[in-house]
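In this note's numbering, the protein residues as written are 20 to 454.
This is the structure we're talking about:
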């Protein structure tokens with residue numbers, strides 16, 4: 020019964036690892052919409068999430084790395100195939116500390132311009148926009164999906180149409196790039212695509228990285244700056260026409276980040292660090308709160324499951340006690356003989372306690388054999404079933420019996436035998452030799 024709780028906890032942990040790193044704290048600006056105007060507000064310094072803030076956050080004890088995180092939607096292209104995605108600028112050091120699993124290559128280089136790390140699901144997103152609705156391809160929102168790419172059962176997922184590690188890839192920050200049916204005039208307002216270098220491809224299965232493209236902050240800023248210049252040029256050429264994807268120029272002296280991510284090596288310090296960040300005037304979030312809530316749930320579940328198993332242990336304890344009492348009455352003469360020949364009361368008590376402990380110990384071994392068999396059968400019957408949902412990854416086993424649980428089971432059943440045999444052993448000590 021306890022193994023079901025252990026399996027549930029491992030299933031939750033695996034799901035959380037796919038959602039992101041437990042060591043990451045995300046810092047954002049605090050927006051208090053219900054705050055009433057205060058005269059003292061004018062005297063208070065406005066809290067900005069800028070470079071100075073990043074440096075201050077990096078100096079918090081326990082924080083290993085602090086990195087701004089910038090992102091914008093882009094369109095990738097190879098030949099006639101296009102993929103809508105999001106490019107994210109981040110420090111390489113922060114990416115390395117999260118230990119992303121690589122399918123091939125390596126993490127992007129900060130020294131090389133236009134070096135990109137591709138998410139594991141991006142190769143499957145490339146589709147021919149002129150063949151929408153053909154061969155099982157369709158659009159969901161702005162992201163292209165393939166019906167055949169998410170099949171379940173025995174049908175194998177088809178290979179991606181683009182090999183991102185070897186094929187030439189072009190990137191365009193204007194997401195109208197590649198859209199069919201766009202007019203000639205609008206096509207002239209789209210900037211030329213950028214040739215990018217793919218440093219590595221991530222393994223699929225991590226929700227936080229699967230559908231993104233990652234590069235250094237320097238490369239991201241260069242792409243963003245060039246796109247701003249292009250937008251200004253187009254606006255000067257056509258004052259009445261403005262692209263929906265135009266980027267508003269930002270005063271570099273007041274430039275703020277939408278979010279900053281911190282890596283905290285010791286997860287036990289995360290809640291304390293979050294409290295420090297909130298006192299600094301920012302909002303901080305992490306997956307630790309979710310982990311704690313889920314741990315409370317699994318602890319309660321394990322207590323319930325353990326309680327159900329405890330009922331059977333109570334029944335077993337009563338059975339052992341009855342067995343020992345019957346054994347005493349059947350061996351009254353033998354007990355009397357031992358007392359006559361000089362056996363001490365402690366010897367008699369020890370003999371019956373040892374017998375009770377052996378009954379519990381042997382019963383524990385037999386129980387563990389049946390438990391292991393039942394656990395293996397349950398794993399086979401529920402293979403591929405994820406009780407917490409989610410797809411694209413191998414479901415963890417429903418029942419898990421770790422080594423410590425085997426040892427705990429042996430010690431516990433032996434202890435139950437000793438406790439159950441204590442009163443019968445005391446009875447054997449007080450048994451009269453004359454009866």
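Here a beta-carbon is modelled for each residue, glycine too, at the ideal position from N, C-alpha and C.
All of these numbers come straight from a predicted model, not from anything done at the bench.
Legend entry - Where the beta strand (DSSP E) through residue 281 begins and ends: Residue 281 sits at position 262 when you count from the first residue of the chain shown. From DSSP, the beta strand (DSSP E) with residue 281 extends over 278–283.
Legend entry - Nearest neighbour of residue 237, chosen from 302, 129 and 248 [CA to CA]: Here the question's residue 237 lines up with position 218 in the chain shown. Comparing Cα-Cα distances from residue 237 to each of 302, 129 and 248, the minimum goes to 129.
Inset, instruction - Let me know the secondary structure DSSP gives residue 128 once reduced to three states. - result: Taking the chain shown and counting its residues from 1, one reaches residue 128 at position 109. In the structure shown, residue 128 sits in coil (DSSP, three-state: anything other than H, G, I, E or B).
Inset, instruction - Kindly indicate which residue of 175, 285 and 100 has the alpha-carbon position closest to the one of residue 199. - result: The residue you call residue 199 lines up with position 180 of the chain shown. Closest by alpha carbon: 100.
Inset, instruction - Would you list the one or two residues that DSSP bridges to residue 106? - result: For this step, residue 106 is matched to residue 87 along the chain shown. According to DSSP, residue 106 bridges with 91 and 232.
Inset, instruction - Could you spell out the range, first to last residue, of the beta strand (DSSP E) harbouring residue 324? - result: Within the chain shown, the letter at position 305 stands for residue 324. Looking at the DSSP string, residue 324 is not in any beta strand (DSSP E); the run it does join, the alpha helix (DSSP H), is 307–349.
Inset, instruction - Have a look at residue 249 and residue 255 and give me their C-alpha separation to the nearest angstrom. - result: Against the chain shown, residue 249 aligns to sequence position 230. Against the chain shown, residue 255 aligns to sequence position 236. Their Cα atoms are separated by approximately 10 Å.
Inset, instruction - Pull up the distance between the alpha-carbon of residue 135 and that of residue 189, whole angstroms please. - result: Here the question's residue 135 lines up with position 116 in the chain shown. Here the question's residue 189 lines up with position 170 in the chain shown. Using only the alpha carbons, I get a separation of about 11 Å.
Inset, instruction - Run the CB neighbour count on residue 244, radius 10 Å, all protein chains shown included, and call it buried at 16 or more, exposed below. - result: Taking the chain shown and counting its residues from 1, the one referred to as residue 244 is at position 225. Classification of residue 244: exposed, given that the 10 Å Cβ count is below 16.
Inset, instruction - Measure the CB-CB distance between residue 283 and residue 82 and report whether it falls below 7 Å. - result: Stepping through the chain shown from its first residue, residue 283 is reached at position 264. Stepping through the chain shown from its first residue, residue 82 is reached at position 63. Taking 7 Å as the Cβ cut-off, residue 283 and residue 82 qualify as a contacting pair.
Inset, instruction - State the Cα-Cα distance for the pair residue 367 and residue 23, rounded to the nearest angstrom. - result: Within the chain shown, numbered from 1, the residue matching residue 367 stands at position 348. Within the chain shown, numbered from 1, the residue matching residue 23 stands at position 4. Going by the C-alpha atoms only, they are around 41 Å apart.
Legend entry - Under the three-state DSSP convention, the category residue 444 falls into: Numbered from 1 along the chain shown, position 425 holds the residue referred to as residue 444. Three-state result, residue 444: helix.
Legend entry - Rounded straight-line distance, which links the Cα of residue 386 to that of residue 426: As a working note, residue 426 is residue 407 in the chain shown. As a working note, residue 386 is residue 367 in the chain shown. So the alpha carbons of these two residues sit roughly 13 Å apart.
Legend entry - Whether residue 281 touches residue 88 by CB criterion (7 Å): Along the chain shown, one-based indexing puts residue 281 at 262. Along the chain shown, one-based indexing puts residue 88 at 69. Not in contact: residue 281 and residue 88 (Cβ atoms no closer than 7 Å).
Legend entry - Residue range of the beta strand (DSSP E) that includes residue 135: Taking the first residue of the chain shown as 1, we reach residue 135 at position 116. Segment 134–137, the beta strand (DSSP E) holding residue 135.
Legend entry - 8 Å CB neighbourhood of residue 179 in its chain, flanking five on each side removed: Position 160 of the chain shown, counted from the start, is the residue given in the question as residue 179. Answer for residue 179: 142, 143 and 145, listed in chain order.
Legend entry - CB of residue 107 within 7 Å of CB of residue 26, strictly: As a working mapping, residue 107 is identified with position 88 in the chain shown. As a working mapping, residue 26 is identified with position 7 in the chain shown. No. Outside cutoff.
Legend entry - Neighbourhood of residue 66 by C-beta, 6 Å cutoff - its chain only, sequence neighbours within 5 removed: Taking the chain shown and counting its residues from 1, one reaches residue 66 at position 47. Cβ neighbours of residue 66 beyond the five flanking positions: 300.
Inset, instruction - Taking only the alpha-carbon atoms, compute the straight-line gap between residue 49 and residue 302 and give it to the nearest angstrom. - result: The residue given as residue 49 occupies position 30 in the chain shown. The residue given as residue 302 occupies position 283 in the chain shown. Spanning the two alpha carbons is a distance of roughly 5 Å.
Inset, instruction - Report the three-state DSSP secondary structure of residue 117 (helix, strand or coil). - result: In the chain shown, residue 117 corresponds to position 98, counting from 1. Residue 117: coil per DSSP, three-state reduction.
Inset, instruction - Identify whether residue 201 lies in helix, strand or coil by the three-state DSSP scheme. - result: Within the chain shown, the letter at position 182 stands for residue 201. In the structure shown, residue 201 sits in coil (DSSP, three-state: anything other than H, G, I, E or B).
Inset, instruction - Let me know the secondary structure DSSP gives residue 420 once reduced to three states. - result: Taking the first residue of the chain shown as position 1, residue 420 is located at position 401. In this structure, residue 420 counts as coil in the three-state DSSP scheme.
Inset, instruction - Compute the beta-carbon to beta-carbon distance between residue 86 and residue 110, rounded to the nearest angstrom, for a pair I have assumed lies under 8 Å. - result: Walking along the chain shown from the start, residue 86 turns up at place 67. Walking along the chain shown from the start, residue 110 turns up at place 91. Going by Cβ atoms, the distance from residue 86 to residue 110 rounds to 4 Å, so yes, they are a contact pair.
Legend entry - Selection from 384, 185, 235 and 420 that minimises the alpha carbon distance to residue 396: Position 377 of the chain shown, counted from the first residue, corresponds to residue 396. The option with the nearest alpha carbon to residue 396 is 420.
Inset, instruction - Can you tell me which of 439, 71 and 138 puts its alpha carbon nearest to the alpha carbon of residue 95? - result: Locating residue 95 in the chain shown gives position 76, where the first residue counts as 1. Measuring from the Cα of residue 95, the nearest candidate turns out to be 138.
Inset, instruction - Compare the C-alpha of residue 346 against each of 384, 208 and 443 and name the closest. - result: For the purposes of this step, residue 346 is taken as residue 327 along the chain shown, with counting starting at 1. Measuring from the Cα of residue 346, the nearest candidate turns out to be 443.
Legend entry - Sheet register partners of residue 216 (DSSP bridge): Within the chain shown, numbered from 1, the residue matching residue 216 stands at position 197. DSSP lists 134 as partners of residue 216.
Legend entry - Contacting residues, own chain, Cβ-Cβ under 8 Å from residue 121 (five flanking each side not counted): For the purposes of this step, residue 121 is identified with residue 102 of the chain shown, where counting begins at 1. Hits under 8 Å: 219, 220, 221 and 222.
Inset, instruction - Indicate the three-state DSSP secondary structure (helix, strand or coil) for residue 274 in the structure shown. - result: The residue labelled residue 274 in the question sits at position 255 within the chain shown. Three-state DSSP puts residue 274 in coil, outside helix and strand.
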